[in-house]
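See the structure below:
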């Protein structure tokens, strides 16, 4: 479901569960992998990547439908995943091999940088078209990471951004062809792996203090 | 003074009072029209547009000069107009047929998107050259809607932006020739009219919570 | 060490102390010059500029190493310099003749606008590579002045931006060849010198209220 490998100084965390929706098992595996990564000493950086045409489609709506009484607890755990990435003591790069939708798009935003595949796949926050709104934590994350006009358009219209459009809108920083997405992300991460992890974590945690507070507070605000 | 018509799913609210300054009568008519619009059920979107060379020049300084004791009450009503647009339960597009100055520029910013006329007309916050400052509500609206560097330049220098400059600065999203401004805005609004109004309103209200709080609080902070 | 001259309506404050690090003497001279400038009546604008290949390299780490017990007091004084520029009752333009690093880069950000030399010199926040973090005041200043994605990249990676890269990233607004940096800044400042200083100061102080509060509060938060 989740595979953690090391390529030089770079941890590569591959999500390999179809649409990579956040099932409880997926979340548990991701949390465990980030526990391992966070213990790193010395140079290090993290790349996350999906498989096939999905980076991640976000919340596991099937599981949620069958477990509605656990919605708040579940959202708290998703928020926690974002918060862990935002406070991870090393640089992070998302390799967007495919769709990053809804909670999966927010997962991408929780990384320092992102490389997005050019020929296929969208970044999209489709909540408005699903009749859903954003939790205070998710809203804080999106607003902390996206230019104001982009956050507005993405949240109000549910626009699907191609890689080129996502660069223009300030959502991702780089694009690459399918085969080059992961290598480009790993190369970028490797170039940053020499940064002192503790310093990176402290600067990032300070920078996103309000978003982290929203993500670690009550899920429904 | 104000004319509300419906073009398919799109409400078109035309301001037709010369410079379209916010006289008490103008505000009353706008409030009434937005009351009608807000009651819409089913698909819907709003376009506002002015007439001739003015979208709106903002505060009615003549009326204010004769009613200085009502300044705070008056500003509260102007703030309320912005707040109603920010929380309107449907997508909104401003068709900037001409000048959008001062409070009229802020009115444009209270819409989801704006289309601006290319050959004539400026977006301008001239307060600095009038010896005026911005109320906390106005400042919050401007800062919530404009890129930081643009808010700074617009507020500190009173720069007049042409349509092309306004796109580059992130003030408006699209430009059109005079005859195409309203059709382009209506077409854009129609493309968004299928969004669930309640969801759009909730997402936008959450997104601009701090600005809405400033706009609905005491006018002088 | 610091030379204050007047060129028409424009005050030109030249830093002439090598790397222009903020020694206590440098800070005292800058504070005195800004006292003089702030007393201006009538048209006025401020340009600051360094000498040779340095605009300013920021904190005086040598002095700090010898006076570690005065770190908080010292930082408070540096914060105060930024706060004075942010609240100065006239337009301000930084002429970046050379490197603007760390606290020197933040000094540039405390101006309304900046012109940067094209062939040599970087804007850089190298704190992450020095194992340093940002004080709440510095972080608030950077976040208030830079686009979100730029603040992130600059603070997390310590990237060195050339003039062209700094324009693209929204750090500075204009570039010029070495000999033209100061004249361009003076010309720009002169074009803004007619603004009412009190109004400019009030608008800017309102606009950066939270950053000013962070800069004038306890240095370590």
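Residue numbers (our numbering), protein chains in the order written: chain A, 1 to 221; chain B, 1001 to 1221; chain C, 2001 to 2221.
Think of the CB as a built atom: it goes at the ideal place given N, C-alpha and C, for glycine as much as any other residue.
Problem - residue 2022 of chain C classed as buried or exposed, judged by whether at least 16 other C-beta atoms fall within 10 angstroms - result: Mapped onto the third chain, residue 2022 of chain C falls at position 22. Buried, by the Cβ-count rule.
Exercise for the section: Kindly say whether residue 218 of chain A, judged by its beta-carbon, lies nearer than 9 Å to any beta-carbon of chain B. Expected result: Start at 1 with the first residue of the first chain, and residue 218 of chain A comes out as number 218. It does not; no Cβ of chain B falls within 9 Å.
Exercise for the section: Under the assumption that residue 212 of chain A contacts residue 83 of chain A (Cβ atoms under 8 Å), give the Cβ distance between them as a whole number of angstroms. Expected result: Position 212 of the first chain holds residue 212 of chain A. Position 83 of the first chain holds residue 83 of chain A. About 6 Å; that satisfies the 8 Å criterion.
Problem - Counted within 10 angstroms of its Cβ, other Cβ atoms place residue 2218 of chain C as buried (16 or more) or exposed - result: By one-based count along the third chain, residue 2218 of chain C stands at place 218. Exposed, since its Cβ has fewer than 16 Cβ neighbours within 10 Å.
Problem - Host alpha helix (DSSP H) of residue 1138 of chain B (start-end) - result: Walking along the second chain from the start, residue 1138 of chain B turns up at place 138. Per DSSP, residue 1138 of chain B belongs to the alpha helix (DSSP H) from 1136 to 1145.
Exercise for the section: State yes or no: is the beta carbon of residue 134 of chain A nearer than 9 Å to at least one beta carbon in chain C? Expected result: Here residue 134 of chain A corresponds to residue number 134 of the first chain, with the count starting at 1. Closer than 9 Å: no.
Practice task
Please decide whether residue 1043 of chain B counts as near chain A, where near means a Cβ-Cβ distance under 9 Å.
Solution key: By one-based count along the second chain, residue 1043 of chain B stands at place 43. Not an interface residue.
Handout entry: For residue 2117 of chain C, the three-state DSSP class (helix, strand or coil)
Key = Reading the third chain from its first residue, position 117 is the one you call residue 2117 of chain C. Of the three classes helix, strand and coil, the one that applies to residue 2117 of chain C here is strand, per DSSP.
Practice task
Would you tell me roughly how many angstroms separate the C-alpha atoms of residue 1986 of chain C and residue 174 of chain A, rounded to the nearest one?
Solution key: Any property of residue 1986 of chain C remains undetermined from this structure, which presents chain C solely from 2001 to 2221.
Handout entry: Member of A:69, A:57, A:99, A:137 whose CA lies at the smallest distance from the CA of residue 86 of chain A
Key = The sequence position of residue 86 of chain A within the first chain is 86, counting from 1. It is A:137 whose Cα lies nearest to the Cα of residue 86 of chain A.
Problem - Cβ-Cβ separation, residue 2093 of chain C to residue 2123 of chain C (assumed contact under 8 Å), whole Å - result: Against the third chain, residue 2123 of chain C aligns to sequence position 123. Against the third chain, residue 2093 of chain C aligns to sequence position 93. Their Cβ separation, rounded to whole angstroms, is 15 Å, which puts residue 2123 of chain C and residue 2093 of chain C out of contact at 8 Å.
Handout entry: CB of residue 1045 of chain B within 9 Å of CB of residue 1009 of chain B, strictly
Key = Here residue 1045 of chain B refers to the residue found at position 45 when the second chain is read from its first residue. Here residue 1009 of chain B refers to the residue found at position 9 when the second chain is read from its first residue. Against a cut-off of 9 Å, the Cβ pair of residue 1009 of chain B and residue 1045 of chain B comes out as a contact.
Handout entry: Reference residue 25 of chain A, options A:60, A:106, A:146, A:188, closest by Cα
Key = Residue numbering aside, residue 25 of chain A sits at position 25 when the first chain is read from its first letter. Of A:60, A:106, A:146, A:188, the residue nearest in Cα terms is A:60.
Problem - DSSP three-state assignment for residue 45 of chain A, whether helix, strand or coil - result: Numbered from 1 along the first chain, position 45 holds the residue referred to as residue 45 of chain A. Three-state result, residue 45 of chain A: strand.
Handout entry: Inter-residue spacing [alpha-carbon to alpha-carbon] between residue 1089 of chain B and residue 1111 of chain B
Key = Along the second chain, read from residue 1 onward, the residue named residue 1089 of chain B stands at position 89. Along the second chain, read from residue 1 onward, the residue named residue 1111 of chain B stands at position 111. Rounded to the nearest angstrom, the two C-alpha atoms are 12 Å apart.
Practice task
Ignoring anything shorter than 4 residues or poking outside the stretch 2146 to 2199 of chain C, list the alpha helix (DSSP H) runs there in chain order.
Solution key: 2148 to 2157, 2163 to 2168, 2178 to 2192
Handout entry: Inter-residue Cα distance where the pair is residue 2058 of chain C and residue 33 of chain A
Key = Locating residue 2058 of chain C in the third chain gives position 58, counting from the first residue. Locating residue 33 of chain A in the first chain gives position 33, counting from the first residue. So the two alpha carbons sit approximately 40 Å from each other.
Handout entry: residue 2068 of chain C versus residue 51 of chain A - alpha carbon distance
Key = As a first step, residue 2068 of chain C is located in the third chain; it is residue number 68 there, counting from the start. As a first step, residue 51 of chain A is located in the first chain; it is residue number 51 there, counting from the start. Distance between the alpha carbons of residue 2068 of chain C and residue 51 of chain A is about 52 Å.
Problem - Extent of the continuous alpha helix (DSSP H) run through residue 79 of chain A - result: Here residue 79 of chain A is taken as the residue at index 79 of the first chain, counted from 1. Its alpha helix (DSSP H) spans residues 71 to 86.
Problem - residue 8 of chain A, DSSP secondary structure in three states - result: For this step, residue 8 of chain A is matched to residue 8 along the first chain. Residue 8 of chain A: coil per DSSP, three-state reduction.
Practice task
Specify whether the stretch 1199 to 1206 of chain B and the stretch 116 to 136 of chain A touch according to this definition: at least 3 beta carbon pairs, one from each stretch, less than 8 Å apart.
Solution key: yes
Exercise for the section: To the nearest angstrom, report how far apart residue 188 of chain A and residue 1104 of chain B are at their CA atoms. Expected result: Working through the first chain from its first residue, we reach residue 188 of chain A at position 188. Working through the second chain from its first residue, we reach residue 1104 of chain B at position 104. Distance between the alpha carbons of residue 188 of chain A and residue 1104 of chain B is about 46 Å.
Exercise for the section: Check each residue of the stretch 2158 to 2183 of chain C: if its Cβ is closer than 7 Å to any Cβ of chain B, include it; give the result in chain order. Expected result: 2170
Practice task
With distances taken Cα to Cα, identify the nearest neighbour of residue 49 of chain A among A:118, A:13, A:27, A:130.
Solution key: Residue 49 of chain A sits at position 49 when you count from the first residue of the first chain. The candidate whose alpha carbon is nearest that of residue 49 of chain A is A:13.
Practice task
Counting only the same chain and skipping the five closest in sequence on each side, list residues whose C-beta sits under 7 Å from that of residue 1129 of chain B.
Solution key: Reading the second chain from its first residue, position 129 is the one you call residue 1129 of chain B. Around residue 1129 of chain B: 1158.
Handout entry: beta strand (DSSP E) segment containing residue 2093 of chain C, residue limits
Key = The residue you call residue 2093 of chain C lines up with position 93 of the third chain. Its beta strand (DSSP E) spans residues 2092 to 2096.
Practice task
Let me know the secondary structure DSSP gives residue 1051 of chain B once reduced to three states.
Solution key: As a position in the second chain, residue 1051 of chain B is number 51, starting the count at 1. Three-state result, residue 1051 of chain B: strand.
Problem - For residue 1059 of chain B, the three-state DSSP class (helix, strand or coil) - result: Here residue 1059 of chain B corresponds to residue number 59 of the second chain, with the count starting at 1. The answer is strand: DSSP assigns residue 1059 of chain B an E or B state.
Exercise for the section: Kindly list, in the order they appear in chain C, the residues whose Cβ is closer than 9 Å to that of residue 125 of chain A. Expected result: Stepping through the first chain from its first residue, residue 125 of chain A is reached at position 125. Residues of chain C passing the Cβ test: none, with the nearest at roughly 17 Å.
Exercise for the section: Determine whether the Cβ of residue 2210 of chain C lies closer than 9 Å to any Cβ atom of chain A. Expected result: On the third chain, residue 2210 of chain C is found 210 positions in, with the first residue counted as 1. Not closer than 9 Å to any Cβ of chain A, the Cβ of residue 2210 of chain C fails to qualify, so no.
Problem - Residue span of the alpha helix (DSSP H) that contains residue 213 of chain A, given as start and end - result: Start at 1 with the first residue of the first chain, and residue 213 of chain A comes out as number 213. Looking at the DSSP string, the run of the alpha helix (DSSP H) that includes residue 213 of chain A is 209 to 216.
Handout entry: Residues near residue 2186 of chain C by beta carbon distance below 6 Å, same chain, minus five either side
Key = Walking along the third chain from the start, residue 2186 of chain C turns up at place 186. Correct list, in chain order: 2007, 2010, 2047.
Practice task
Output yes or no for whether 9 Å exceeds the beta carbon distance between residue 1162 of chain B and residue 1121 of chain B.
Solution key: The sequence position of residue 1162 of chain B within the second chain is 162, counting from 1. The sequence position of residue 1121 of chain B within the second chain is 121, counting from 1. Taking 9 Å as the Cβ cut-off, residue 1162 of chain B and residue 1121 of chain B qualify as a contacting pair.
Problem - Rounded C-alpha distance that separates residue 1015 of chain B from residue 1001 of chain B - result: Counting from one through the second chain, the residue named residue 1015 of chain B turns up at place 15. Counting from one through the second chain, the residue named residue 1001 of chain B turns up at place 1. Going by the C-alpha atoms only, they are around 6 Å apart.
Practice task
In the DSSP assignment, find the alpha helix (DSSP H) that holds residue 108 of chain A and state where it starts and stops.
Solution key: Translated into positions along the first chain, residue 108 of chain A becomes position 108. Per DSSP, residue 108 of chain A belongs to the alpha helix (DSSP H) from 103 to 109.
Practice task
Using a threshold of 9 Å, state whether the C-beta atoms of residue 30 of chain A and residue 95 of chain A are closer than that.
Solution key: Within the first chain, residue 30 of chain A is the residue found at index 30, counting from 1. Within the first chain, residue 95 of chain A is the residue found at index 95, counting from 1. The answer is no: Cβ separation not under 9 Å.
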